[in-house]
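Engineer:
Residue numbers (my numbering): 348 to 495.
1) Report the rounded CA-to-CA distance for residue 415 versus residue 370, giving the unit in angstroms.
2) What is the DSSP secondary structure of residue 426, counted as helix, strand or coil?
3) Where does residue 387 fall in DSSP's three states?
4) To which residues of the same chain is residue 366 closer than 7 Å at the C-beta, ignoring the five residues directly before and after it?
5) Are the beta-carbon atoms of residue 390 and residue 376 separated by less than 7 Å?
6) Assuming residue 397 and residue 372 are in contact, meaning their beta carbons sit under 8 Å apart, how far apart are those beta carbons, in whole angstroms?
7) Measure the C-alpha to C-alpha separation of residue 383 and residue 392 and round it to an integer number of angstroms.
8) Taking the CB atoms as reference points, tell me whether residue 404 and residue 434 lie closer together than 7 Å.
9) Determine whether the beta carbon atoms of residue 458 and residue 468 lie at a separation below 7 Å.
10) Compute the Euclidean distance between the alpha carbons of residue 471 and residue 409, then round it to the nearest angstrom.
11) For residue 356, is the beta carbon positioned less than 6 Å from some heavy atom of the ligand FMN?
12) Quick one: Cα of residue 452 to Cα of residue 360, how far?
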């Protein structure tokens, strides 16, 4: 099957498919005499697995590792589960960081009158010209995400 057909079946662009091939993430497709790639159902399956792994938060490298694990005849589901649980912990940390950012930004916007005055508590806090404590925040609450 041609690359465009694979793209339609997987929801990936042809450029992405070529990139994954170049990086060695998928099994190299057979090349016809004219140089065109000839993809098989195996390639569609590999590409779908990478795409879906990316959709649930795995990095490209982690997705490649999962694909390699799926090819391993000594595969243990415990190994895959451990990776998924680790990813869940990372996602929970990111959610907490985003919640802290949201809280900070909400407090900053509530402290700003949003009028025609040149004085802006948001700018002052971001510059460090004013204490975040004046709006009920500490530096550690404000900047947890940026420290990581």
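Ideal placement from N, C-alpha and C gives every residue a C-beta, glycine not left out.
Structural biologist: The answer reads as follows:
1) For the purposes of this step, residue 415 is taken as residue 68 along the chain shown, with counting starting at 1. For the purposes of this step, residue 370 is taken as residue 23 along the chain shown, with counting starting at 1. Residue 415 and residue 370: Cα-Cα distance of roughly 13 Å.
2) The sequence position of residue 426 within the chain shown is 79, counting from 1. Residue 426 falls in the helix class under three-state DSSP.
3) Position 40 of the chain shown, counting from 1, holds the residue named residue 387. DSSP places residue 387 in coil when its eight states are reduced to three.
4) Position 19 of the chain shown, counting from 1, holds the residue named residue 366. Counting only Cβ-Cβ distances below 7 Å, and skipping sequence neighbours, we find nothing.
5) By 1-based counting over the chain shown, the position of residue 390 is 43. By 1-based counting over the chain shown, the position of residue 376 is 29. In this structure, residue 376 lies closer than 7 Å to residue 390 by Cβ.
6) For the purposes of this step, residue 397 is identified with residue 50 of the chain shown, where counting begins at 1. For the purposes of this step, residue 372 is identified with residue 25 of the chain shown, where counting begins at 1. So it is a contact: roughly 6 Å between Cβ atoms.
7) Against the chain shown, residue 383 aligns to sequence position 36. Against the chain shown, residue 392 aligns to sequence position 45. Their Cα atoms are separated by approximately 20 Å.
8) As a first step, residue 404 is located in the chain shown; it is residue number 57 there, counting from the start. As a first step, residue 434 is located in the chain shown; it is residue number 87 there, counting from the start. Yes, these two residues count as a Cβ contact at 7 Å.
9) To locate residue 458, count along the chain shown from 1; it is residue 111. To locate residue 468, count along the chain shown from 1; it is residue 121. Going by C-beta atoms, residue 458 is nearer than 7 Å to residue 468.
10) Position 124 of the chain shown holds residue 471. Position 62 of the chain shown holds residue 409. Taking the straight line from one Cα to the other gives about 41 Å.
11) The ligand FMN is absent from the structure shown, which contains no ligands of any kind.
12) For this step, residue 452 is matched to residue 105 along the chain shown. For this step, residue 360 is matched to residue 13 along the chain shown. Taking the straight line from one Cα to the other gives about 37 Å.
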